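Worksheet for the structure shown next.
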Amino acid sequence: MYEVVVLIEEPLADGDARQLADLYGVLPDPTHLHVLLPTADAPTHVEAVLASLSDGAGAPGKPTPPIGSDEVVQPTPEEHAAVTADAQAGLTRTLEHLRGLGLDADGELLPDDPLAALESIVAERGSDEVVIMTRTHVVSQFLHIDWASSARRHLDVPVLHLLER
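Residues in the sequence shown are numbered from 1047 upward in steps of one, following our numbering.
Listed below in structure tokens is the structure:
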């Protein structure tokens, strides 16, 4: 079985699920997609996470705290539970979209650093490929501190970056 780990920023819309079906639904060998969705509000926090992976100029391995990280307000237990429930509902919808298009898919929520979890999950599952699906992040892509660029530096498998439609 060809194992693909898919890291998404937010639940997939129909068009995004179709992109994956167009790529992996036609392969001659059976393919399994393992979808990863961060529980945090990834679209609004992705720049801070990416900045922590670089020294501000795109060089890997020199972590610095995100700007204003000392001002981050921790959610209440109720807020955390609501965010987790929303993320689980989004993951469930995403998996239903993919399965409805004939893909074999399962997934999990990522409560912590998405890239650290990605690296661990790829190794555990013996994944053949990684797909990272995000919105356009012009600055981070220019500086090569986006999820896909960071994953390419740390993983020994092909990494495909798709932009959400």
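Just so it is clear, CB atoms sit at the ideal spot from N, CA and C, and this is done for glycine as well. What you are looking at is a predicted structure, and each value in this text was computed from that prediction instead of being measured.
Along the chain, where does the beta strand (DSSP E) that runs through GLU1175 open and close? 1175-1180
Cβ neighbours of LEU1069 in the same chain (closer than 6 Å, five flanking residues each side left out): none
Alpha carbon to alpha carbon, how far is GLU1165 from VAL1205? Give it in angstroms, no decimals. 12 Å
Beta carbon of LEU1144, beta carbon of ALA1135: below 8 Å? no
Cα-Cα separation, THR1085 to VAL1203: 25 Å
Secondary structure at THR1077, three-state DSSP: helix, strand or coil? strand
Taking C-beta to C-beta, are GLY1148 and ALA1063 nearer than 8 Å? no
Member of GLU1049, PRO1057, MET1047 whose CA lies at the smallest distance from the CA of ALA1131: Checking every option, the nearest Cα to that of ALA1131 belongs to PRO1057.
Nearest by alpha-carbon distance to ASP1060: which of GLY1146, ALA1169, GLY1153, GLU1170 is it? Comparing Cα-Cα distances from ASP1060 to each of GLY1146, ALA1169, GLY1153, GLU1170, the minimum goes to GLY1146.
C-alpha gap between LEU1208 and PRO1121, whole angstroms: 31 Å
Just to confirm, are PRO1157 and LEU1082 a CB contact at a threshold of 8 Å? no
Distance between beta carbons of VAL1052 and HIS1080, contact taken as under 8 Å: 7 Å
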